[in-house]
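Here the protein sequences line up with chains G and B, keeping their order.
Position 4 (the first sequence) corresponds to 4 in the numbering used here; numbering is contiguous.
Just add 1000 to the spot in the second sequence (first one is 1) and you have the numbering used here.
Here is the structure we will look at.
There are 2 protein chains.
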Amino acid sequence: MIQFDMKDIPSRECVPGVHGKFAHSPNMTMAWWRIEEGAQMPEHSHEHEQVVNVVEGTLEITAEGKKWTLGPGSVLVIPGGVPHLARGVTECRVIDAFYPAREDYK
Amino acid sequence: MIQFDMKDIPSRECVPGVHGKFAHSPNMTMAWWRIEEGAQMPEHSHEHEQVVNVVEGTLEITAEGKKWTLGPGSVLVIPGGVPHLARGVTECRVIDAFYPAREDYK
Chain G
1 MIQFDMKDIP SRECVPGVHG KFAHSPNMTM AWWRIEEGAQ MPEHSHEHEQ VVNVVEGTLE
61 ITAEGKKWTL GPGSVLVIPG GVPHLARGVT ECRVIDAFYP AREDYK
Chain B
1001 MIQFDMKDIP SRECVPGVHG KFAHSPNMTM AWWRIEEGAQ MPEHSHEHEQ VVNVVEGTLE
1061 ITAEGKKWTL GPGSVLVIPG GVPHLARGVT ECRVIDAFYP AREDYK
């Protein structure tokens, strides 16, 4: 059993306006994001499967030539290797789950 | 890319007061729970690794003879095979990530 308290974990501003806190299990990484309105994570890809859980606000994901506009309660599965970008349409709070764990976020 | 909207997914009351909605990726399952105050998921275990993400309210997890009292921002890793029970101290909203995917929740 490993406990994390996101209140005590320093936030990392991965790109301007995109603030992440990370918790790792042996096989998964949870990323708790606060994305400012208009902030954008540029197009990137990774081998990890990603599940985007939107908790608050509106997030836009662009991938495979399409846009997904996600609100509270939206869940989006991004398979490993698919280039995608994310933009905060409004300030938003998002919890991403990655498999396998993100060594690059440790 | 697979999109789920939890607003459109029917809730399953797994035990009285414990309401779950499920979204599956190839390797993970997300469970969005609304747990009523005082409701309890009895002790159980599963081979799946579980990461508990508390979004709102207070949740108590009991495992290995200890209690964890979790609030918003708490993240708890429960390794596969560890018996645990969960109780809503207040009404709470929790997102669990499981690896591998929960075939029993499909």
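Quick reminder that beta carbons are idealized off the backbone N, C-alpha and C, glycines included.
Here the structure is a predicted model, which means the values were calculated and not measured.
- request: Could you tell me the distance, in whole angstroms, from the CA atom of G20(G) to the CA atom of D1008(B)?
  value: Along the first sequence, one-based indexing puts residue 20(G) at 20. Along the second sequence, one-based indexing puts residue 1008(B) at 8. In a straight line, the C-alpha of G20(G) is about 28 Å away from that of D1008(B).
- request: Determine, using beta carbons only, whether P83(G) comes closer than 8 Å to chain B.
  value: Indexing the first sequence from 1 puts residue 83(G) at position 83. Not one chain B Cβ lies under 8 Å of P83(G).
task: Determine the contact status of V1077(B) and M1(G), defining contact as a CB-CB distance below 8 Å.
output: Position 77 of the second sequence, counting from 1, holds the residue named residue 1077(B). Position 1 of the first sequence, counting from 1, holds the residue named residue 1(G). Against a cut-off of 8 Å, the Cβ pair of M1(G) and V1077(B) comes out as a contact.
- prompt: Between the C-alpha atoms of E43(G) and L85(G), what's the straight-line distance to the nearest angstrom?
  reply: Sequence index remark: in the first sequence, residue 43(G) carries index 43 (1-based). Sequence index remark: in the first sequence, residue 85(G) carries index 85 (1-based). Straight-line Cα distance between these residues: approximately 4 Å.
query: In whole angstroms, what is the alpha-carbon distance linking P1026(B) and F1004(B)?
result: Residue numbering aside, residue 1026(B) sits at position 26 when the second sequence is read from its first letter. Residue numbering aside, residue 1004(B) sits at position 4 when the second sequence is read from its first letter. Taking the straight line joining both Cα atoms gives about 14 Å.
field: Boundaries (first-last residue) of the beta strand (DSSP E) holding N1027(B)
entry: By 1-based counting over the second sequence, the position of residue 1027(B) is 27. Looking at the DSSP string, N1027(B) is not in any beta strand (DSSP E), and its letter there is neither H nor E.
- request: Would you give the residue range spanned by the beta strand (DSSP E) that T1062(B) belongs to?
  value: The count along the second sequence starts at 1 and reaches residue 1062(B) at position 62. 1059-1063 is the span of the beta strand (DSSP E), which, as asked, contains T1062(B).
message: Does any residue of chain G have a CB that is nearer than 8 Å to the CB of M1030(B)?
response: Within the second sequence, the letter at position 30 stands for residue 1030(B). It does; some Cβ of chain G falls within 8 Å.
- prompt: Shorter than 8 Å from the beta carbon of P10(G) to some beta carbon of chain B?
  reply: Looking up residue 10(G) in the first sequence gives position 10. No, P10(G) does not count as interfacial toward chain B.
- prompt: Going along chain B in order, which residues have a C-beta closer than 7 Å to the C-beta of E64(G)?
  reply: Stepping through the first sequence from its first residue, residue 64(G) is reached at position 64. M1001, listed in chain order.
task: Pick helix, strand or coil for K1066(B), following the three-state DSSP scheme.
output: Mapped onto the second sequence, residue 1066(B) falls at position 66. Correct three-state label for K1066(B): strand.
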